[in-house]
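Take the sequence shown: its position 65, counting from 1, is numbered 65 in full-length UniProt numbering, and each next residue is one higher. Every residue, glycine too, gets a C-beta built ideally from N, C-alpha and C.
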Amino acid sequence: MLMGTLFLASCDSAEAPKGSVFETEPAASPQKTGATETAQKNDIQVPVPGMVTMVDLGAKSCIPCKMMTPILEELEKEYKDRAAIVFIDVWKRPDQTPLFGIKAIPTQIFYDKNGKEVRRHEGFMDKQSISNILEKLLRQ
């Protein structure tokens, strides 16, 4: 039922561009490239302990998610070692959706350094909006 809702949320079946933020197949363990982690297993710690964390829950075939791919890749480089940018493909990992209580994709969840959820957004989110939130959290 939840997955059906997610399919209707704003996505189609086109392929996402490949990049370091999106994985094509589930990894044997969580991947880390710079400050970006791709959550592929239940045992990944989200939020990342001691770091400001943004979790983007989406899918490769979701149009707004595809639009965010280059943004997430840029943020990965800009916030390397200062904030964690985590992407979870909920179509490959449907077990993750109830853990985060999402209703639509993409959904972005922001956590402070103490792991407290401080903000949640549904839908496409532009780079400047994400950066503003990350900068505010990094100053705290």
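Look at the alpha carbon of residue i and the alpha carbon of residue j, and state the distance between them as a whole number of angstroms.
i: E78; j: M125; result: 17 Å
i: V55; j: P47; result: 8 Å
i: E76; j: P94; result: 24 Å
i: Y111; j: D89; result: 19 Å
i: E15; j: M68; result: The predicted position of E15 is uncertain, since its pLDDT is 39 and thus under 50; no value can be drawn from it.
Judging by CA-CA distance, which residue of the options is the nearest neighbour of residue i?
i: residue 218; options: K136, G50 and V86; result: As displayed, the chain neither begins before 1 nor continues past 140, which places residue 218 out of reach and without an answer.
i: T107; options: V52, G50, Q45 and A59; result: A59
i: K136; options: L99, W91, A83 and T97; result: A83
i: E63; options: G115, G50, L138 and G123; result: This sequence places Ile at residue 63; Glu is not what is there. It is G123.
Looking at the structure shown, is residue i part of a helix, part of a strand, or coil, going by DSSP?
i: R139; result: helix
i: I105; result: coil
i: F100; result: helix
i: D89; result: strand
i: M67; result: helix
Inset, instruction - Inspect the CB distances between the region 125 to 134 and the region 96 to 104 and report whether three or more fall short of 8 Å. - result: no
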